[in-house]
Amino acid sequence: MTGRIACAALRSRITDADTAAALIRPGETVATSGFTGSGYAKMVPQALARRIADSHGAGHPFRVNLWTGASTGPELDGALAAVDGIAQRLPYSGDPVAREKINRGEIDYLDMHLSQVAPMAWEGVLGPLDTAIVEVSGIRADGSLIPSSSVGNNKTWLDRASRVILEVNRWQDAALEGMHDIYYGTRLPPERVPIPLVRPDDRIGTPYLACDPDKIVAIVETEAPDRNLPFAAPDDTAHAIAGHVIEFLAHEVSRGRLPPALLPIQSGVGNIANAVLSSLVDAPFDPMTAYTEVIQDGMLDLLDAGRLRMASATAFSLSPQAAARLNANMTAYRDRMILRPQEISNHPELVRRLGCIAMNGLIEADIYGNVNSTLVMGSRIQNGIGGSGDFARNAYVSIFMTPSTAKGGKISAIVPQASHVDHIMQDVQVIVTEQGLADLRGLSPRQRAKAVIERCAHPDYRPMLADYAMRAEGGSYGLHAPSLPAKALSWHRRYMETGTMLPS
Ligand code: 0RQ
């Protein structure tokens with residue numbers, strides 16, 4: 032199996048996952064590779080979970096702080112959460128077991144903007160980093176590392192950690208070599224300088240990760256696949272949302288506000304975002320570019336169809352079928368894809384300079400267009416803010432998309448007041464549901480409310496929202512963004528008490 036490890040000096044560090052995991056001590060901070068189910072460490076975390084379970088069985092507490100790029104897979108988040116092995120978690124998690132533990136108050140979760148993790152780690156405010164466990168697809172003769180299917184925060188983890196464990200994964204296609212662009216020019220203020228990227232296809236770094244060989248304490252060889260969850264086939268709701276988005280973008284082109292090839296697109300995670308991408312295959316735009324966080328199935332479709340000229344991201348987020356397609360044609364795709372550290376893929380400076388078209392999902396929006404992306408009923412974490420804030424605030428056009436209802440119609444995605452706000456109304460320019468699209472640019476809060484209620488709300492909830500807005504106009508403390516504090520969250524209260532936001 033050592034064919035992927037060309038550095039003779041490092042071969043002596045090859046060991047098994049249990050031996051590597053034994054180097055990690057209780058209470059440590061462990062940072063791993065991994066971003067939306069790709070490129071995450073797989074074997075050592077499972078060995079660590081076994082060790083933690085044994086330790087707990089013997090009555091000894093054993094938990095670690097876990098830092099990653101974003102969400103990972105069941106072999107990492109899932110395995111460590113299941114054995115109560117995680118004390119603190121950052122910056123994003125989508126794992127169902129971890130979600131339950133976070134919502135039971137058993138894991139301290141720091142839900143962070145993804146672009147801010149690396150700089151904050153460098154500032155030192157997150158505390159020391161003991162061990163990094165990083166998956167790579169190979170080690171070159173000079174000791175430099177060939178990244179795998181995500182970059183995430185790996186550069187920072189390798190630089191900051193006291194000890195490094197590498198997983199060299201042969202499942203990752205060897206032809207990934209050359210796809211990455213690792214920029215080593217970031218600095219903390221006052222030494223920070225402009226990032227020299229002006230087009231999404233610019234390469235500003237090197238294809239390889241660097242690591243001090245003296246820090247590498249173990250190398251584990253693996254052949255384990257990425258998580259790669261399937262996407263649901265787009266339903267009527269997803270098709271309707273995609274139709275509204277494409278009509279809007281075409282309208283912007285016809286008015287001269289967007290170029291015929293659009294501006295670099297960013298697309299969030301989830302089935303709706305993927306459906307919008309798939310629909311762009313038939314859209315009337317010149318070949319587009321993407322400057323985004325993850326490359327999902329829909330982007331691969333666009334590349335295959337020649338509708339997307341190139342895509343820049345920090346990770347893949349593919350179904351098993353799409354991952355197989357990618358791996359079978361990696362050499363052909365490699366010239367049209369770039370994977371970068373997440374501090375660059377999501378950098379506000381670059382998102383603003385490139386003028387990205389941001390398209391993200393939401394949990395709920397209120398009538399003024401404040402968006403909640405994270406907390407169901409204001410308190411239960413779903414996933415986290417991820418990169419949505421990095422892109423939404425700095426985008427050329429910031430679009431949020433959602434079905435107009437959740438939980439079989441028992442919850443309205445458009446509410447009088449958001450139970451938590453991740454994206455303030457100034458960062459939300461367009462809201463789209465299957466009912467329609469509200470272009471909120473240039474509108475005052477009261478004008479926004481009218482547009483959101485008329486265009487986006489589900490008919491079951493529209494009259495109730497109109498009634499709330501009318502009463503608020505009559506009884507609010509101020510009339511800039513009328514609100515009735517005693518009623519504003521009554522829909523959420525009703526849901527928690529009766530199981531539906533609809534009155535009985
Ligand atoms: O839960 O599966 O238990 O039924 O939320 O909802 O409709 O499948 O939509 O997959 O697009 O996710 C905001 C969560 C939407 C996602 C969110 C429940 C719903 C379901 C998922 P179930 P859908 P999506 C860059 C962008 C933040 C990160 C981000 C997200 C589950 O888009 O995490 O944008 N965004 N990153 O039932 C109660 C509501 C609800 C609700 C949905 N109003 N009340 N439950 N749900 N609306 C990429 C990265 O950062 C990596």
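Residues 32 to 535 in the working numbering are what the sequence shown spells out, letter by letter. Backbone N, C-alpha and C fix where the C-beta goes; we use that ideal spot for every residue, glycine too.
Taking residue i and residue j to be in contact with their CB atoms under 8 Å, please state how far apart those CB atoms are, rounded to whole angstroms.
i: residue 175; j: residue 203; result: Rounded, the Cβ-Cβ distance is 16 Å, inconsistent with contact.
i: residue 148; j: residue 196; result: So it is not a contact: roughly 20 Å between Cβ atoms.
i: residue 465; j: residue 516; result: About 31 Å; that fails the 8 Å criterion.
i: residue 348; j: residue 69; result: 6 Å
i: residue 306; j: residue 281; result: Residue 306 to residue 281, Cβ: 17 Å. No contact.
i: residue 331; j: residue 211; result: Not confirmed; about 18 Å, so no contact.
i: residue 295; j: residue 228; result: So it is not a contact: roughly 11 Å between Cβ atoms.
i: residue 522; j: residue 476; result: At roughly 19 Å, the Cβ-Cβ gap does not stay under 8 Å, so residue 522 and residue 476 are not in contact.
i: residue 558; j: residue 320; result: Not covered by the structure: residue 558. The range shown for the chain is 32 to 535.
i: residue 48; j: residue 74; result: 4 Å
i: residue 380; j: residue 226; result: 6 Å
i: residue 423; j: residue 470; result: Not confirmed; about 15 Å, so no contact.
i: residue 372; j: residue 345; result: 7 Å
Quick one, are the C-beta atoms of residue i and residue j less than 9 Å apart?
i: residue 101; j: residue 164; result: no
i: residue 425; j: residue 404; result: no
i: residue 172; j: residue 37; result: yes
i: residue 206; j: residue 362; result: yes
i: residue 452; j: residue 377; result: no
i: residue 429; j: residue 461; result: yes
i: residue 343; j: residue 183; result: no
i: residue 98; j: residue 120; result: yes
i: residue 398; j: residue 500; result: yes
i: residue 57; j: residue 105; result: no
i: residue 82; j: residue 118; result: no
i: residue 382; j: residue 67; result: no
i: residue 532; j: residue 443; result: yes
i: residue 496; j: residue 484; result: yes
i: residue 253; j: residue 218; result: no
i: residue 170; j: residue 199; result: yes
i: residue 116; j: residue 160; result: no
i: residue 414; j: residue 123; result: yes
i: residue 298; j: residue 273; result: no
i: residue 290; j: residue 240; result: no
i: residue 194; j: residue 412; result: no
i: residue 21; j: residue 440; result: Residue 21 lies beyond the residue range present for the chain, which begins at 32 and ends at 535; the question has no answer from this structure.
i: residue 146; j: residue 374; result: yes
i: residue 53; j: residue 76; result: no
i: residue 276; j: residue 432; result: yes
Task: Inside the stretch 369-419 only - alpha helix (DSSP H) runs reaching at least 4 residues - done: 373-376 and 379-385
TODO: Go through the stretch 44-83 residue by residue and report every complete run of the alpha helix (DSSP H) that reaches 4 residues or more, in order.
DONE: 48-52
Open item on the list: As an exercise, report each continuous alpha helix (DSSP H) stretch of at least 4 residues that is fully enclosed by the stretch 82-157, in chain order.
Closed with: 110-113, 127-134 and 148-154
Open item on the list: With a threshold of 8 Å, are at least 3 pairs of Cβ atoms found where one atom belongs to the stretch 39-50 and the other to the stretch 127-137?
Closed with: no
Task: Runs of beta strand (DSSP E) lying entirely within the stretch 244-293, each at least 3 residues, in chain order - done: 247-253
Task: Sequence ranges, alpha helix (DSSP H) only - wholly within the stretch 172-255, length at least 4 - done: 185-191
Open item on the list: Quick check on the DSSP output: what are the complete alpha helix (DSSP H) runs of length 4 or more inside the stretch 475-522, in order along the chain?
Closed with: 476-487, 493-506 and 516-519
Open item on the list: Suppose only complete runs of 3+ residues qualify. What are the beta strand (DSSP E) ranges in the stretch 416-467, listed by chain order?
Closed with: 428-432 and 461-464
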